[in-house]
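Worksheet for the structure shown next.
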Amino acid sequence: MKPQPVKSLPAAQSSYLLVSVFISGAATLVLEMAGTRVISPYYGSSLYCWSALITATLISLAAGYALGGCWADSKPALSLFAGLATTGGTAIAVIPLLRTTLLTLSSPLGIKWGALAAALLLMSPALVVLSALGPIAVKLMTETVAAVGKRTGNIYAVSTLGSVIGAALAGFVLVPQFRISHILYGVSCLLLVIGAAGFYLSSAKFFSAAPAGLGLLVAFFGLRPEKEPATNILLNKESHYGQVKVLDFGGRRYLLVNGTAQAMAWSDSLESDSQYAQAMEWAALLRPKAKNALVIGLGAGLLPGALEKHYGLTADSVDIDPEMVSAAKNYFGFFPRGRVFIEDGRTFLEKADRDYDMIFLDAFAAESPPYHLFTQESFAVVKRAMAPEGILAVNLATLLQQRGGAPWLSAFKTLRKVFPEVRAYRASADYDGLANVVFFCSNTPLPADGAARRARSHIRKNIDYMLAHELRPSAQDLSGATLMSDDHSPMEFLLAKTSAQWRQGLQKKISSILLY
Numbered sequence: 000m001k002p003q004p005v006k007s008l009p010a011a012q013s014s015y016l017l018v019s020v021f022i023s024g025a026a027t028l029v030l031e032m033a034g035t036r037v038i039s040p041y042y043g044s045s046l047y048c049w050s051a052l053i054t055a056t057l058i059s060l061a062a063g064y065a066l067g068g069c070w071a072d073s074k075p076a077l078s079l080f081a082g083l084a085t086t087g088g089t090a091i092a093v094i095p096l097l098r099t100t101l102l103t104l105s106s107p108l109g110i111k112w113g114a115l116a117a118a119l120l121l122m123s124p125a126l127v128v129l130s131a132l133g134p135i136a137v138k139l140m141t142e143t144v145a146a147v148g149k150r151t152g153n154i155y156a157v158s159t160l161g162s163v164i165g166a167a168l169a170g171f172v173l174v175p176q177f178r179i180s181h182i183l184y185g186v187s188c189l190l191l192v193i194g195a196a197g198f199y200l201s202s203a204k205f206f207s208a209a210p211a212g213l214g215l216l217v218a219f220f221g222l223r224p225e226k227e228p229a230t231n232i233l234l235n236k237e238s239h240y241g242q243v244k245v246l247d248f249g250g251r252r253y254l255l256v257n258g259t260a261q262a263m264a265w266s267d268s269l270e271s272d273s274q275y276a277q278a279m280e281w282a283a284l285l286r287p288k289a290k291n292a293l294v295i296g297l298g299a300g301l302l303p304g305a306l307e308k309h310y311g312l313t314a315d316s317v318d319i320d321p322e323m324v325s326a327a328k329n330y331f332g333f334f335p336r337g338r339v340f341i342e343d344g345r346t347f348l349e350k351a352d353r354d355y356d357m358i359f360l361d362a363f364a365a366e367s368p369p370y371h372l373f374t375q376e377s378f379a380v381v382k383r384a385m386a387p388e389g390i391l392a393v394n395l396a397t398l399l400q401q402r403g404g405a406p407w408l409s410a411f412k413t414l415r416k417v418f419p420e421v422r423a424y425r426a427s428a429d430y431d432g433l434a435n436v437v438f439f440c441s442n443t444p445l446p447a448d449g450a451a452r453r454a455r456s457h458i459r460k461n462i463d464y465m466l467a468h469e470l471r472p473s474a475q476d477l478s479g480a481t482l483m484s485d486d487h488s489p490m491e492f493l494l495a496k497t498s499a500q501w502r503q504g505l506q507k508k509i510s511s512i513l514l515y
């Protein structure tokens with residue numbers, strides 16, 4: 000049989016398809032990464048949130064590939080490709096407009112299923128359409144080209160390269176520098192331009208105006224300055240590590256990261272309103288001769304500020320996010336005598352240039368502490384950075400009781416592996432089984448509570464509350480707890496229920512603020 004003559008695809012259309020699949024690949028990854036910031040202020044950035052977003056993305060991609068293949072076989076045309084690009088752009092443009100409504104509607108489903116429902120409703124329409132473009136591009140270019148395998152490989156290579164560029168651009172440039180809504184509108188406009196260009200090349204000019212114009216109109220109105228709610232929002236900024244927000248509400252000033260309260264202070268005095276933060280000051284009473292301290296996890300700077308103000312210590316602080324340091328200085332009156340380091344806490348401890356009389360570990364990534372700070376190897380690094388009679392104080396937000404073992408028991412067991420002296424206290428009121436547990440650890444015996452009380456007349460009321468709620472786990476309690484190491488540290492999994500409980504409490508208290 001003689002080979003059939005091959006009709007070459009016009010060069011302009013071939014180039015257009017390659018550019019388009021590159022842009023759609025980039026748009027898919029930008030949308031996926033921005034999606035975490037769309038739902039995380041309401042559902043957090045815990046394991047549940049990431050699982051929900053990844054699940055929704057994979058479901059959408061599978062559906063899009065299948066639909067794209069069917070559409071490509073039924074009616075392959077450049078106008079179809081252009082129409083889907085336009086539809087994808089419009090679907091992305093409406094995400095910021097529907098976000099508040101859909102997050103509110105999904106909240107009764109709870110943290111796990113609500114996050115999944117929100118991700119599906121907000122992200123799936125655009126992701127399905129964008130993933131359908133690949134099979135259609137393959138069909139259009141391989142129907143008129145003899146080297147089917149080579150052409151198909153080229154298309155998917157270009158699309159994947161676009162995804163790589165999109166991921167890097169979103170993570171390193173767009174998300175830290177711009178509002179998420181503006182990023183989405185920018186991607187939307189780019190896809191709408193791609194759609195309009197496709198209609199033009201396919202000579203379907205009449206049909207190009209309506210959908211592309213509608214999408215551009217949606218994006219245009221979305222780019223207008225957003226109205227802030229009645230609450231006094233002082234700061235709303237994206238950083239490399241989450242959405243940082245400072246606001247005044249109900250006489251208090253809050254520092255939120257991804258919708259989770261990292262610090263609370265009275266708006267007028269900027270004094271801490273946190274039970275556990277004041278309770279951690281007990282370390283200064285246990286070692287009244289201490290001269291210096293290190294705080295890992297700056298937050299709003301309230302703890303190092305209190306250590307310097309009330310106990311005469313010089314407190315160094317470490318935080319991985321420079322935006323937290325800026326927020327502490329600009330909105331919480333943080334002007335320390337000690338040094339401030341922008342660095343990962345464990346990395347800093349590895350090369351600490353002094354022995355600290357006391358070290359405070361109060362680092363959180365939204366609801367959960369970084370797992371690598373809660374391993375026996377990490378605590379050994381802390382131990383090396385402490386003075387011989389130094390004290391380590393650790394805060395952990397945790398459920399007090401949980402099937403399979405409460406997270407604080409695993410933290411206690413791991414600390415006991417490194418420090419011979421460990422005490423644990425409930426340092427905040429029990430809220431539906433959730434509380435802050437503070438651990439005090441040392442290489443030398445800690446004085447009795449009463450002796451430390453008598454040593455200093457200045458006792459904060461929340462310290463008294465904490466001392467009345469000491470936790471004494473039994474050997475049986477600890478036998479089922481997990482000893483956390485660098486090789487096996489399921490901290491995020493252990494705290495998953497804690498994160499969900501914490502998030503639900505925030506939704507009840509300040510849900511309207513979380514959605515802004």
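Those letters in the sequence shown? Residues 0 to 515, per numbering that gives the first Met the number 0, in order.
Glycine residues also receive a C-beta, built at the ideal position from the N, C-alpha and C atoms.
Straight-line gap, residue i to residue j (C-alpha atoms, nearest Å)
i, j, result
"GLY258", "SER50", "18 angstroms"
"ALA156", "SER130", "14 angstroms"
"ALA454", "ASN291", "Note that ALA454 scores a pLDDT of 48, beneath 50, so its modelled location is shaky and nothing firm can be said."
"PRO224", "SER180", "With a pLDDT of 49 at PRO224, under the threshold of 50, the modelled position of this residue cannot be trusted, and the question is left open."
"LEU312", "ASP476", "37 angstroms"
"GLN519", "GLU237", "Within the shown structure, residues of the chain are numbered from 0 to 515, placing residue 519 beyond reach of any answer."
"TYR517", "MET323", "Residue 517 falls outside the range modelled here, since the chain spans only 0 to 515, and no answer is possible."
"SER266", "GLY250", "6 angstroms"
"CYS48", "THR54", "10 angstroms"
"ALA90", "SER123", "9 angstroms"
"PRO175", "ARG471", "44 angstroms"
"LEU285", "LEU398", "27 angstroms"
"GLY300", "ILE193", "48 angstroms"
"THR56", "THR100", "21 angstroms"
"SER106", "ALA474", "40 angstroms"
"PHE205", "CYS188", "Here the model assigns PHE205 a pLDDT of 49, short of 50, so the residue's position is not dependable, and the following value carries that caveat. Going from the Cα of PHE205 to the Cα of CYS188 covers about 19 angstroms."
"MET263", "TYR253", "5 angstroms"
"GLY479", "LEU494", "16 angstroms"
"LYS138", "ARG150", "10 angstroms"
"PHE248", "VAL93", "29 angstroms"
Three-state class that DSSP yields for residue i in the structure shown
i, result
"PRO444", "coil"
"ASN461", "helix"
"VAL256", "strand"
"TYR240", "coil"
"GLU270", "coil"
"ASP72", "helix"
"VAL93", "coil"
"GLY389", "strand"
"MET357", "strand"
"GLN475", "helix"
"GLN400", "coil"
"ALA299", "coil"
"GLU280", "coil"
"PHE411", "helix"
"SER14", "helix"
Identity of the residue in the options nearest residue i by Cα
i, options, result
"LEU466", "GLY197, ALA495, SER105 and GLN277", "GLN277"
"GLY63", "ALA118, ALA125, SER180 and LEU30", "ALA125"
"PRO489", "GLU388, MET32, PRO368 and THR443", "PRO368"
"ASN461", "LEU17, GLN242, SER123 and MET279", "MET279"
"LEU269", "GLY197, ALA314 and ASN329", "ASN329"
"ALA327", "GLY298, CYS48, SER123 and ALA434", "GLY298"
"SER23", "LEU79, GLY161 and ARG150", "GLY161"
"ARG178", "LEU83, ILE164, GLU491 and HIS239", "HIS239"
"TYR310", "ILE319, PRO446, PHE359 and TRP281", "TRP281"
"ALA76", "LYS288, SER39 and ILE135", "ILE135"
"ALA166", "LEU30, ALA396, PHE373 and ALA11", "LEU30"
"ALA314", "TYR41, PHE331, ARG338 and PRO419", "ARG338"
"LEU516", "ALA362, VAL137, LEU173 and SER59", "In this structure the chain extends from 0 to 515, so residue 516 is not present and cannot be described."
Cβ neighbour criterion (16 or more within 10 Å) applied to residue i
i, result
"VAL393", "buried"
"GLU469", "exposed"
"ALA229", "Any reading at ALA229 must be qualified, since the residue scores a pLDDT of 47, below 50, and its modelled position is unreliable; the value itself is stated next. Counting Cβ neighbours within 10 Å, ALA229 comes out exposed, since fewer than 16 surround it."
"LEU108", "exposed"
"ASN231", "exposed"
"ASP486", "exposed"
"SER456", "Confidence in SER456 is poor, its pLDDT being 49 and thus under 50, which makes the residue's placement too unreliable to answer from."
"TYR15", "buried"
"LEU70", "The sequence as given places Trp at residue 70; Leu does not occur at that position. Buried, by the Cβ-count rule."
"ALA25", "buried"
"ARG336", "exposed"
"ASP72", "exposed"
"ALA396", "buried"
Inset, instruction - Run through the segment 318-342 for me and flag every whole alpha helix (DSSP H) of 4 or more residues, listed as ranges in chain order. - result: With a minimum length of 4 residues, the continuous alpha helix (DSSP H) runs that stay inside the segment 318-342 are 321-330.
Legend entry - In chain order, each alpha helix (DSSP H) run of at least 4 residues that lies wholly inside the segment 177-204: DSSP runs (the alpha helix (DSSP H)) wholly in the segment 177-204: 179-200.
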